[in-house]
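Remarks on the structure that follows.
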Amino acid sequence: MKNWSFKKWNTVLGWVIFTIALITYGSTMEHYLSFWDCGEYISSAVKLEVTHAPGAALFQIVGAVASIFALGNEQNYAIVINAMSSLFSAFTILFLFWTITHFVRRLLNKDFDEVTKHQEISILFAGAVGALCFTFSDSFWFSAVEGEVYSMASMFIALLVWLITKWENEYLAKDSERWIILIFFVLGLSV
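Residue numbering for the sequence shown follows the numbering used here, beginning at 22 and increasing consecutively.
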C-alpha cells in the first residue's frame, strides 16, 4: 500500500465502490416505465403533480430538475428519472461503506492515527464486503434501477447514519454542533 493515511484510503475506496455501484445500476436500469408506482412517480416528477398519499415532495422536485436533462424528449423522461434513482442508490452504497468502516474502526477502539496496516486492510475489506453485498442484494438492486422513492429514502437513511458518525468523531470539538444542525436539516428534508 502507498504511504497514504487511513482516511485517504477510506475516501478513495469509498468512491471506487460508489463507481462500481453506479456502473452496475446504470447499466441495468429500466429504460421505460415499470409496473406499479414507477410510472406515476416519473410522470408526476416531470409535470410536478401530486402523487398518491403520502406523496414524495422532494423526489418530485429533484425529479423535475433532473427531467431537464431529457431536453424535452418525452421518451427520455423515464431514463432520466430512473438514472436519478440509480445515482441515489450509488450514494447510499458510498455512505454505507463509510459507516461500516467507521463502526469497524470503533470496534477496534482505534483513532485514525492508531490504525496499523493490518487493521487498515481489515477495516477497508470489511467495508468493501458489506457495501458490495448490499449493492448486489436483490431487493436493493431492484429498487435502485427504477424511478421509485425508495432509493432516495435509502440514501437519506445512509446519509443520516454517516453524519452521526461524523459528529461522533468530533463531538468534543468546539464547533461540533454544526453536525447536529446538519443532521436535523437532512432529517427534515427526508420526511
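C-beta atoms are modelled at their ideal positions from N, C-alpha and C, and glycine is treated no differently.
C-beta atoms of residue i and residue j nearer than 9 Å
i: residue 123; j: residue 32; result: no
i: residue 178; j: residue 188; result: no
i: residue 113; j: residue 172; result: yes
i: residue 133; j: residue 26; result: yes
i: residue 30; j: residue 115; result: no
i: residue 169; j: residue 107; result: no
i: residue 149; j: residue 38; result: yes
Rounded distance between the beta-carbons of residue j and residue i, thought under 8 Å
i: residue 135; j: residue 51; result: In fact, because the Cβ distance is near 46 Å, the residues do not count as touching under 8 Å.
i: residue 87; j: residue 43; result: Actually they are not in contact, since the Cβ atoms of residue 87 and residue 43 sit about 15 Å apart, beyond 8 Å.
i: residue 165; j: residue 46; result: 5 Å
i: residue 147; j: residue 182; result: Between residue 182 and residue 147 the Cβ distance is about 16 Å, and since that is not below 8 Å, they are no contact.
i: residue 180; j: residue 212; result: Contact doesn't hold; Cβ gap of about 14 Å is too wide.
Should the region 94-105 be called in touch with the region 49-66, which here means at least 3 C-beta pairs below 8 Å?
-> yes
Are the region 82-98 and the region 148-164 touching by the rule of at least three beta carbon pairs closer than 8 Å?
-> no
Meets three-Cβ-pair contact criterion under 8 Å: the region 69-84 and the region 192-199 = no
Any alpha helix (DSSP H) of 4 or more consecutive residues that is wholly inside the region 72-131 = When DSSP assignments are scanned along the region 72-131, the uninterrupted stretches of alpha helix (DSSP H) that are 4 or more residues long and fall wholly within it turn out to be 78-87 and 98-128.
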